[in-house]
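All remarks here apply to the structure that follows.
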Amino acid sequence: MNVKPNPSVNELVDHLFRHNAGQMVSVLTRIFGFENIDVIEDAIQEAMIKALNHWPFKGIPKNPTAWLIQVAKNRVLDQFRRNKRVDPGGGETLEKLDRLSGKLIEDKFRYPREMKEDLLCMMFATCDPALKPDSQIALTLKTVGGFSVSEIAAAFLSKNEATAKMLTRAKKTLKEKKMSLEIPPPDELEPRLNAVMKVLYLMFNEGYSASSGAEVVRTDICFEAIRLAQILSDHPVTRSPKVEALLALFFFQGARLGARNSQTRDVLLLADQQRELWDKKMINVGLYHFRRSAVGVEVTDYHLEAEIASCHILANDFDSTDWDRMLQCYDLLLNRRFSPVVAINRIIVISKVKGAEAALNELKNVEKTGLLESYLPYHIACAQLEFETGALEKAAESYRRAIQLATNRPTLRFLERKLEALLQNQEQ
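Under the numbering used here, think of the first position of the sequence shown as -6, with each following residue one higher.
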């Protein structure tokens, strides 16, 4: 009789890899060093394959994650033993390392906080200032989040080969620095924490407004950013009002994920979203972190963005949104630093407070920076404001330019429908 594998095992292994890969990589990197990160990642992949082959027939172990880490650890040691031909005196060292690593892994599961700290230290490593921002995000997704090269490439509208090379270069940089998994010392903590937060912010944004592909949002990336930000909030060294503000922002935005696209996976604007689909539990968690962010005197960009998001979340409907308060927040953000995202969002809010004509005049001032020609939301905003002021031909041209820039299929369909409706309106 043929024994068929239990399909739930496949689901469990996939879940463990997505949610525990970073934990496993961090624990083993703490033991074997960052210079062996490639060997460690390969060993974890092999452990996953072994689980798929063994668990359906021999049963799922009591602690699946511990089993996977132990198997991966043995694979790493096997690789070291194969290299013993190069270092004949390494046998005794490997035996000691085997015993020591086994004890360390046992301790990690006895004291779960240590495992979280390892993951936190890995985040500080993958967000090292020596790496470019794109490399920081990609390496964090790969090493801490368990994302595949193809998933990362899809998220960044890149080819698999180019993404793999970027990851290889990033790892090489950290190996050359002899990177160790440590929480930065007090005099380095603030800038390093800011770098980690920035990476998580960019990661969440990529999931929230997927730059490419067939989906409006990538919820897996959003929830991975939330999970990692919660680690910052949970640890006494990194817990701070600005981290709470970042989490509040994530939960407020995350609460709307399920309502951002239609049943046909098309884009739904905020005004068209069914608010009853917003996740009330996430809203409440967001409010909890928002209250915790109010401690102290520092007001960061994350505080202001969280307050803007709260204006949407707390409004009973679109028309009752506190646009005046949102405009105040955007003014403060723009006074700190120019950002195309902030500038365009602010202009949309101006259209709600002062009207489309005033918003268009403000848009002309922003155009002078020359930074918006290739920025998709700029052309969408132009089209909407031109339509509202009756400049239909200009609106059509702005929609055409936006269509040229769109790389996300749902966004492309949305813009094509808008242009078609506009052209039909012109004919009537």
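Glycine included, C-beta positions come from ideal geometry on N, C-alpha and C. Here the structure is a predicted model, which means the values were calculated and not measured.
Secondary structure of N56 (DSSP, three-state): coil.
For H228, there is no enclosing alpha helix (DSSP H), as DSSP gives it neither H nor E.
Cβ contact annotation for A389 (same chain, cutoff 6 Å, sequence separation greater than five): L415, in chain order.
The beta-bridge partner set that DSSP reports for N254 consists of V260. Membership of N277 in the alpha helix (DSSP H) is indicated by the continuous run 273 to 285. Taking a contact to require three or more Cβ pairs closer than 8 Å, the stretch 302 to 315 and the stretch 262 to 269 qualify as touching. Two segments are said to touch when three or more pairs of C-beta atoms, one from each, lie closer than 8 Å; by this definition the stretch 224 to 243 touches the stretch 278 to 288. In this structure the stretch 311 to 327 lies against the stretch 340 to 360, because at least three pairs of beta carbons, one per stretch, are closer than 8 Å. Taken atom to atom, the span from the alpha-carbon of R162 to that of T314 is near 46 Å. Residue burial annotation: S141 is exposed, with fewer than 16 other C-beta atoms found within 10 angstroms of its C-beta. If you look at Y201, you'll find it in the alpha helix (DSSP H) that goes 179 to 201. Here G15 has L112, M115, T136, V137, G138, G139 as same chain residues with Cβ atoms under 7 Å from its own Cβ, once five neighbours each way along the sequence are excluded. Judged by DSSP secondary structure, G247 falls within the alpha helix (DSSP H) whose first and last residues are 234 to 247. Looking at the backbone, the Cα of F245 and that of C215 are separated by about 12 Å. CA-CA distance, S286 to L365, rounds to 33 Å. Between E169 and A123, the alpha-carbon positions lie close to 11 Å from each other. Spanning the alpha carbons of T156 and T166 requires a straight line of approximately 15 Å.
Exposed is the label assigned to I42, since fewer than 16 other Cβ atoms lie within 10 Å of its Cβ. Contact between the stretch 57 to 68 and the stretch 16 to 26 is present: 3 or more CB-CB pairs across the two stretches fall below 8 Å.
Going by DSSP, F50 is part of the alpha helix (DSSP H) stretching over 30 to 51. Closest by C-alpha distance to E217, out of P234, Y194, K171, P126, is Y194.
With distances taken between CA atoms, G363 lies nearest to A336 out of K55, N3, A384, A336. Around the beta carbon of T404, 16 or more other beta carbons lie within 10 angstroms, which makes this residue buried. Sequence-distant partners of E144 (beyond 5 residues in either direction) whose C-beta falls short of 7 Å from its own C-beta are missing from its chain.
Cβ contact annotation for V288 (same chain, cutoff 7 Å, sequence separation greater than five): P234, in chain order. Scanning its chain for C-beta atoms nearer than 8 Å, with the 5 sequence neighbours on each side dropped, one finds around I33 the residues V18, L21, T22, F25, A65, V69, in chain order.
Note on T119: 16 or more other CB atoms within 10 angstroms of its CB, so buried under the neighbour-count rule. For I343, the enclosing alpha helix (DSSP H) begins and ends at 333 to 346. Here L9 really is in contact with L61; their C-beta atoms are around 7 Å apart, less than 8 Å. Contact check for L369 against N418 fails: the beta carbons are separated by 8 Å or more. In this structure, F27 and M196 do not form a Cβ contact; the two beta carbons are roughly 21 Å apart against a cut-off of 8 Å.
For a cut-off of 8 Å, the C-beta gap from D294 to L326 is around 6 Å, short enough to register as a contact. Exposed is the label assigned to Q267, since fewer than 16 other Cβ atoms lie within 10 Å of its Cβ.
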